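Just add 861 to the spot in the sequence shown (first one is 1) and you have our numbering. All C-beta atoms, glycine included, are put in the ideal place defined by N, C-alpha and C. Bear in mind that the values here come from a model prediction, so they are computed numbers and not experimental data. The structure under discussion appears below in the form of C-alpha coordinates.
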Amino acid sequence: MPTVRDVRAKAGEEPITMLTAYDAPTAAIVDEAGVDIILVGDSLGNTSMGYETTLPVTVDDMARHTGAVARATEDALIVADMPFLSIGVDESASLENAGRMLKEEDAHAVKLECGPHTVELTEKLVQLGIPVMAHLGLTPQHVNQYGGYPRQGTDREAAERILELAEAHEKAGAFSLVLEHVPSNLAAEVTDAIDIPTIGIGAGPDCDGQVLVVDDAVGLSEWTPSFSKQFGNVRAEMESAIDDYVSAVTSGAFPAEEHAHEEADLDDLY
862 MPTVRDVRAK
872 AGEEPITMLT
882 AYDAPTAAIV
892 DEAGVDIILV
902 GDSLGNTSMG
912 YETTLPVTVD
922 DMARHTGAVA
932 RATEDALIVA
942 DMPFLSIGVD
952 ESASLENAGR
962 MLKEEDAHAV
972 KLECGPHTVE
982 LTEKLVQLGI
992 PVMAHLGLTP
1002 QHVNQYGGYP
1012 RQGTDREAAE
1022 RILELAEAHE
1032 KAGAFSLVLE
1042 HVPSNLAAEV
1052 TDAIDIPTIG
1062 IGAGPDCDGQ
1072 VLVVDDAVGL
1082 SEWTPSFSKQ
1092 FGNVRAEMES
1102 AIDDYVSAVT
1112 SGAFPAEEHA
1122 HEEADLDDLY
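Okay, here's the thing in C-alpha coordinates:
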(Lines of atoms letter the chains of each structure in order from A and count residues from 1; the text may use other names and numbers.)
(Lines give C-alpha, C1' and ligand atoms only; values in the text may rest on other atoms or scores of the structure.)
Protein backbone atom coordinates (compact mmCIF):
# COMPACT_ATOMS: atom_id res chain seq x y z
CA MET A 1 0.00 0.00 0.00
CA PRO A 2 1.39 3.45 -0.87
CA THR A 3 2.17 5.67 2.10
CA VAL A 4 2.88 9.32 2.79
CA ARG A 5 6.44 8.26 3.58
CA ASP A 6 6.82 7.17 -0.04
CA VAL A 7 5.85 10.67 -1.15
CA ARG A 8 8.27 12.34 1.23
CA ALA A 9 11.07 10.00 0.16
CA LYS A 10 10.50 10.61 -3.54
CA ALA A 11 10.71 14.39 -3.09
CA GLY A 12 14.45 14.03 -2.62
CA GLU A 13 14.85 11.95 -5.76
CA GLU A 14 12.66 13.30 -8.56
CA PRO A 15 9.58 15.53 -8.97
CA ILE A 16 6.30 14.26 -7.54
CA THR A 17 3.41 13.87 -10.00
CA MET A 18 -0.19 14.43 -8.94
CA LEU A 19 -3.42 14.53 -10.95
CA THR A 20 -7.06 14.67 -9.98
CA ALA A 21 -9.50 11.86 -10.75
CA TYR A 22 -13.16 11.56 -9.89
CA ASP A 23 -14.26 8.18 -11.29
CA ALA A 24 -12.97 4.64 -11.59
CA PRO A 25 -12.08 4.58 -15.33
CA THR A 26 -10.07 7.79 -15.14
CA ALA A 27 -8.39 6.74 -11.91
CA ALA A 28 -7.30 3.44 -13.45
CA ILE A 29 -5.69 5.24 -16.40
CA VAL A 30 -3.94 7.74 -14.14
CA ASP A 31 -2.72 4.96 -11.86
CA GLU A 32 -1.44 2.83 -14.73
CA ALA A 33 0.50 5.84 -16.03
CA GLY A 34 2.51 5.84 -12.82
CA VAL A 35 1.24 9.09 -11.29
CA ASP A 36 2.36 9.25 -7.67
CA ILE A 37 -0.72 10.85 -6.10
CA ILE A 38 -4.35 10.94 -7.18
CA LEU A 39 -6.29 13.81 -5.66
CA VAL A 40 -10.03 13.29 -5.51
CA GLY A 41 -10.56 17.02 -5.64
CA ASP A 42 -13.64 18.97 -4.73
CA SER A 43 -13.03 20.44 -8.19
CA LEU A 44 -15.41 17.67 -9.22
CA GLY A 45 -18.06 20.30 -8.49
CA ASN A 46 -16.86 22.19 -11.56
CA THR A 47 -15.69 19.30 -13.74
CA SER A 48 -18.32 16.64 -13.10
CA MET A 49 -21.35 18.12 -11.35
CA GLY A 50 -22.04 21.28 -13.33
CA TYR A 51 -21.53 23.77 -10.50
CA GLU A 52 -19.83 27.13 -11.03
CA THR A 53 -17.79 26.74 -7.82
CA THR A 54 -16.73 23.98 -5.46
CA LEU A 55 -18.92 25.28 -2.63
CA PRO A 56 -21.98 23.04 -3.19
CA VAL A 57 -19.93 19.82 -3.02
CA THR A 58 -20.87 17.72 0.02
CA VAL A 59 -19.10 15.18 2.19
CA ASP A 60 -21.31 12.48 0.66
CA ASP A 61 -20.24 13.58 -2.83
CA MET A 62 -16.58 13.37 -1.87
CA ALA A 63 -17.01 10.01 -0.17
CA ARG A 64 -18.76 8.51 -3.19
CA HIS A 65 -16.12 9.67 -5.65
CA THR A 66 -13.22 8.81 -3.34
CA GLY A 67 -14.47 5.26 -3.01
CA ALA A 68 -14.80 4.91 -6.78
CA VAL A 69 -11.23 6.12 -7.31
CA ALA A 70 -9.80 3.95 -4.54
CA ARG A 71 -11.45 0.80 -5.91
CA ALA A 72 -9.83 1.36 -9.30
CA THR A 73 -6.23 1.99 -8.20
CA GLU A 74 -3.33 -0.04 -6.88
CA ASP A 75 -0.19 2.07 -6.74
CA ALA A 76 -1.07 5.75 -6.35
CA LEU A 77 -1.56 7.49 -3.01
CA ILE A 78 -5.23 8.52 -2.82
CA VAL A 79 -5.90 11.92 -1.23
CA ALA A 80 -9.48 13.04 -0.57
CA ASP A 81 -10.29 16.74 -0.63
CA MET A 82 -12.35 17.96 2.30
CA PRO A 83 -15.19 20.10 0.91
CA PHE A 84 -16.49 23.46 2.06
CA LEU A 85 -17.66 23.52 5.71
CA SER A 86 -16.77 19.87 6.25
CA ILE A 87 -13.88 20.88 8.50
CA GLY A 88 -13.11 23.80 10.77
CA VAL A 89 -16.63 24.43 12.07
CA ASP A 90 -16.87 21.77 14.77
CA GLU A 91 -13.90 19.66 15.78
CA SER A 92 -15.75 16.39 16.28
CA ALA A 93 -17.55 16.77 12.95
CA SER A 94 -14.25 17.67 11.25
CA LEU A 95 -12.56 14.56 12.61
CA GLU A 96 -15.50 12.34 11.68
CA ASN A 97 -15.73 13.73 8.13
CA ALA A 98 -12.01 13.35 7.50
CA GLY A 99 -11.84 9.95 9.11
CA ARG A 100 -14.71 8.71 6.97
CA MET A 101 -12.58 9.11 3.84
CA LEU A 102 -10.01 6.65 5.21
CA LYS A 103 -12.26 4.37 7.25
CA GLU A 104 -15.06 3.89 4.71
CA GLU A 105 -13.68 4.94 1.31
CA ASP A 106 -10.05 3.71 1.44
CA ALA A 107 -8.32 7.07 0.95
CA HIS A 108 -4.79 7.27 2.30
CA ALA A 109 -4.89 10.95 3.31
CA VAL A 110 -7.03 14.08 3.21
CA LYS A 111 -6.34 17.56 1.86
CA LEU A 112 -7.39 20.68 3.74
CA GLU A 113 -7.70 24.19 2.33
CA CYS A 114 -5.72 25.84 5.08
CA GLY A 115 -5.56 28.94 7.19
CA PRO A 116 -4.84 29.73 10.83
CA HIS A 117 -7.93 27.71 11.79
CA THR A 118 -6.53 24.43 10.40
CA VAL A 119 -3.22 24.30 12.26
CA GLU A 120 -4.60 22.68 15.43
CA LEU A 121 -6.94 20.52 13.35
CA THR A 122 -4.02 19.24 11.31
CA GLU A 123 -2.19 18.27 14.48
CA LYS A 124 -5.26 16.47 15.84
CA LEU A 125 -5.92 14.61 12.60
CA VAL A 126 -2.32 13.44 12.38
CA GLN A 127 -2.41 12.30 16.00
CA LEU A 128 -5.44 10.17 15.15
CA GLY A 129 -3.69 8.60 12.16
CA ILE A 130 -5.18 10.70 9.38
CA PRO A 131 -2.37 12.06 7.16
CA VAL A 132 -2.92 15.66 6.04
CA MET A 133 -1.93 17.40 2.83
CA ALA A 134 -2.09 21.14 3.45
CA HIS A 135 -3.15 23.65 0.77
CA LEU A 136 -2.15 27.34 0.74
CA GLY A 137 -2.20 30.20 -1.72
CA LEU A 138 -5.35 30.30 -3.80
CA THR A 139 -7.93 28.25 -1.92
CA PRO A 140 -11.02 28.01 -4.16
CA GLN A 141 -13.42 27.56 -1.24
CA HIS A 142 -12.76 31.25 -0.46
CA VAL A 143 -14.05 32.33 -3.88
CA ASN A 144 -16.67 34.65 -2.36
CA GLN A 145 -14.07 36.26 -0.14
CA TYR A 146 -11.62 36.73 -3.02
CA GLY A 147 -14.26 37.81 -5.54
CA GLY A 148 -12.85 35.28 -8.00
CA TYR A 149 -9.62 33.34 -8.29
CA PRO A 150 -6.79 35.90 -8.12
CA ARG A 151 -3.12 35.11 -7.60
CA GLN A 152 -2.20 35.07 -3.91
CA GLY A 153 0.91 36.11 -2.00
CA THR A 154 1.74 38.96 -4.37
CA ASP A 155 2.87 41.46 -1.69
CA ARG A 156 5.36 41.00 1.12
CA GLU A 157 2.78 40.81 3.91
CA ALA A 158 0.68 38.20 2.14
CA ALA A 159 3.78 36.22 1.17
CA GLU A 160 5.06 36.20 4.75
CA ARG A 161 1.66 34.97 5.93
CA ILE A 162 1.76 32.05 3.50
CA LEU A 163 5.30 31.17 4.60
CA GLU A 164 4.32 31.31 8.28
CA LEU A 165 1.29 29.10 7.67
CA ALA A 166 3.39 26.64 5.69
CA GLU A 167 5.83 26.33 8.58
CA ALA A 168 2.98 26.03 11.08
CA HIS A 169 1.32 23.21 9.16
CA GLU A 170 4.62 21.39 8.75
CA LYS A 171 5.11 21.62 12.50
CA ALA A 172 1.55 20.39 13.04
CA GLY A 173 2.40 17.24 11.07
CA ALA A 174 1.23 17.81 7.48
CA PHE A 175 3.13 15.48 5.14
CA SER A 176 3.02 17.78 2.10
CA LEU A 177 1.81 21.18 0.95
CA VAL A 178 -0.04 22.27 -2.19
CA LEU A 179 0.82 25.82 -3.29
CA GLU A 180 -1.73 27.20 -5.74
CA HIS A 181 -1.48 30.30 -7.95
CA VAL A 182 1.31 32.08 -6.12
CA PRO A 183 4.43 33.82 -7.48
CA SER A 184 7.09 31.31 -8.44
CA ASN A 185 9.75 33.00 -6.29
CA LEU A 186 7.46 32.75 -3.25
CA ALA A 187 6.91 29.04 -3.98
CA ALA A 188 10.66 28.56 -4.25
CA GLU A 189 11.23 30.25 -0.89
CA VAL A 190 8.54 28.18 0.82
CA THR A 191 10.01 25.02 -0.69
CA ASP A 192 13.43 25.92 0.68
CA ALA A 193 12.04 26.85 4.10
CA ILE A 194 10.20 23.61 4.88
CA ASP A 195 11.22 19.97 4.81
CA ILE A 196 7.91 18.49 3.64
CA PRO A 197 7.42 18.37 -0.15
CA THR A 198 5.62 21.19 -1.92
CA ILE A 199 3.34 20.46 -4.86
CA GLY A 200 2.63 23.38 -7.13
CA ILE A 201 -0.24 24.37 -9.36
CA GLY A 202 0.42 27.72 -10.95
CA ALA A 203 3.41 28.10 -8.61
CA GLY A 204 6.36 27.70 -10.95
CA PRO A 205 9.00 25.01 -11.46
CA ASP A 206 10.76 25.03 -8.09
CA CYS A 207 8.23 23.02 -6.08
CA ASP A 208 8.94 19.37 -5.30
CA GLY A 209 6.08 18.29 -7.53
CA GLN A 210 3.20 19.43 -9.73
CA VAL A 211 -0.56 18.87 -9.81
CA LEU A 212 -3.18 19.57 -12.46
CA VAL A 213 -6.89 18.94 -12.85
CA VAL A 214 -7.02 15.90 -15.11
CA ASP A 215 -9.70 17.42 -17.35
CA ASP A 216 -7.34 20.33 -18.05
CA ALA A 217 -4.33 18.09 -18.61
CA VAL A 218 -6.02 15.83 -21.17
CA GLY A 219 -7.90 18.61 -22.96
CA LEU A 220 -11.44 17.80 -21.86
CA SER A 221 -12.25 21.19 -20.33
CA GLU A 222 -13.82 23.98 -22.37
CA TRP A 223 -11.59 26.47 -20.52
CA THR A 224 -8.30 26.06 -18.70
CA PRO A 225 -6.46 28.49 -16.42
CA SER A 226 -3.40 30.28 -17.76
CA PHE A 227 -1.05 28.29 -15.54
CA SER A 228 -2.31 24.95 -16.83
CA LYS A 229 -1.35 23.05 -19.98
CA GLN A 230 -3.27 20.69 -22.24
CA PHE A 231 -1.26 17.55 -23.02
CA GLY A 232 -3.97 16.13 -25.28
CA ASN A 233 -7.29 16.95 -26.92
CA VAL A 234 -9.76 14.45 -25.52
CA ARG A 235 -12.66 16.83 -26.06
CA ALA A 236 -12.07 16.90 -29.82
CA GLU A 237 -11.75 13.11 -29.93
CA MET A 238 -15.03 12.68 -28.04
CA GLU A 239 -16.83 15.20 -30.26
CA SER A 240 -15.62 13.38 -33.37
CA ALA A 241 -16.58 9.95 -32.05
CA ILE A 242 -20.05 11.08 -30.97
CA ASP A 243 -20.67 12.82 -34.31
CA ASP A 244 -19.70 9.58 -36.06
CA TYR A 245 -22.07 7.61 -33.81
CA VAL A 246 -25.01 9.91 -34.55
CA SER A 247 -24.31 9.74 -38.27
CA ALA A 248 -24.04 5.95 -38.22
CA VAL A 249 -27.33 5.49 -36.38
CA THR A 250 -29.29 7.99 -38.44
CA SER A 251 -27.95 6.54 -41.70
CA GLY A 252 -28.66 2.94 -40.68
CA ALA A 253 -25.00 1.95 -40.79
CA PHE A 254 -25.07 1.00 -37.12
CA PRO A 255 -25.84 -1.54 -35.86
CA ALA A 256 -24.57 -3.68 -38.72
CA GLU A 257 -24.95 -7.45 -39.07
CA GLU A 258 -21.84 -8.11 -36.99
CA HIS A 259 -23.31 -6.15 -34.08
CA ALA A 260 -26.31 -8.46 -33.63
CA HIS A 261 -27.22 -12.15 -33.62
CA GLU A 262 -30.29 -14.24 -34.34
CA GLU A 263 -31.72 -17.34 -32.64
CA ALA A 264 -33.45 -19.67 -35.11
CA ASP A 265 -35.94 -20.96 -32.54
CA LEU A 266 -37.30 -17.45 -32.07
CA ASP A 267 -38.67 -17.11 -35.60
CA ASP A 268 -42.43 -17.05 -36.15
CA LEU A 269 -43.37 -16.15 -32.58
CA TYR A 270 -46.62 -14.66 -33.88
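Hey, how far is the Cα of residue i from the Cα of residue j?
i, j, result
"Ser-909", "Ile-1023", "30 Å"
"Lys-1090", "Cys-975", "26 Å"
"Pro-886", "Asp-1129", "43 Å"
"Glu-981", "Val-918", "24 Å"
"Asp-921", "Asp-903", "11 Å"
"Met-943", "Ile-1103", "35 Å"
"Gly-938", "Lys-964", "A small correction: the amino acid at residue 938 is Leu; Gly does not occupy that position in the sequence shown. Answer to the nearest angstrom: the Cα atoms are 15 Å apart."
"Glu-957", "Ser-947", "9 Å"
"His-1030", "Gly-906", "26 Å"
"Thr-1085", "Ala-1033", "34 Å"
"Gly-1080", "Ala-894", "17 Å"
"Ala-888", "Tyr-1131", "49 Å"
"Ser-1087", "Tyr-1106", "33 Å"
"Glu-952", "Glu-1018", "29 Å"
"Arg-833", "Asp-1016", "Outside the shown range of the chain, which is 862 to 1131, sits residue 833, and nothing can be said about it."
"Glu-874", "Glu-1123", "59 Å"
"Glu-1050", "Pro-977", "20 Å"
"Phe-1092", "Ala-1125", "51 Å"
"Ala-968", "Leu-916", "21 Å"
What whole-angstrom Cβ distance do residue i and residue j have, given they're in contact under 8 Å?
i, j, result
"Val-868", "Ile-877", "6 Å"
"Gly-1065", "Ala-1048", "5 Å"
"Leu-1040", "Gly-1070", "Not a contact, Cβ separation roughly 10 Å."
"Ala-970", "Val-940", "5 Å"
"Leu-973", "Val-993", "6 Å"
"Val-901", "His-926", "5 Å"
"Val-1074", "Thr-881", "5 Å"
Examine chain D for any beta-carbon lying closer than 9 Å to the beta-carbon of residue i, and answer yes or no.
i, result
"Gly-1113", "Looking at the structure shown, chain D is missing, and only one protein chain is on hand."
Put residue i into one of helix, strand or coil per three-state DSSP.
i, result
"Lys-985", "helix"
"His-926", "helix"
"His-1003", "helix"
"Asp-942", "strand"
"Leu-1073", "strand"
"Ile-1055", "coil"
"Met-862", "coil"
"Lys-1090", "coil"
"Met-910", "coil"
"Leu-916", "coil"
"Leu-1026", "helix"
"Thr-881", "strand"
"Glu-874", "coil"
"Ile-948", "coil"
"Gly-1034", "coil"
Short of 6 Å in beta carbon distance, which residues of its chain neighbour residue i, apart from the five on each side in sequence? Order them along the chain.
i, result
"Thr-1072", "This sequence places Val at residue 1072; Thr is not what is there. The answer, listed in chain order, is Met-879, Ile-1060, Ile-1062."
"Gly-928", "Glu-966"
"Gly-897", "Strictly speaking, residue 897 in this sequence is Asp, with Gly absent from that position. Excluding positions up to five away in sequence, the list reads Ile-877, Thr-878."
"Pro-863", "Leu-938"
"Thr-914", "Val-1004"
Residues in the same chain with beta-carbon distance under 8 Å from residue i, minus the five sequence neighbours each way, listed in chain order, please.
i, result
"Ala-1054", "Leu-1024, Ala-1027, Glu-1028"
"Thr-979", "Ile-948, Gly-949, Leu-973, Ala-995, His-1030"
Given a threshold of 16 other Cβ atoms within 10 Å of its Cβ, counted over all protein chains shown, does residue i qualify as buried or as exposed?
i, result
"Ser-955", "buried"
"Glu-1098", "exposed"
"Gly-1009", "exposed"
"Thr-1111", "exposed"
"Phe-1115", "exposed"
"Glu-1100", "exposed"
"Arg-961", "buried"
"Gln-988", "exposed"
"Tyr-883", "buried"
"Ala-1109", "exposed"
"Gln-1006", "exposed"
"Leu-1038", "buried"
If you drop the 5 nearest sequence neighbours on each side, which residues of the same chain put their C-beta closer than 7 Å to that of residue i?
i, result
"Lys-871", "Ile-877, Asp-897"
"Gly-1014", "Gly-998, Ala-1020, Ile-1023, Val-1043, Pro-1044, Leu-1047"
"Ala-1035", "Thr-983, Val-993, Met-994, Ala-995, Ile-1057"
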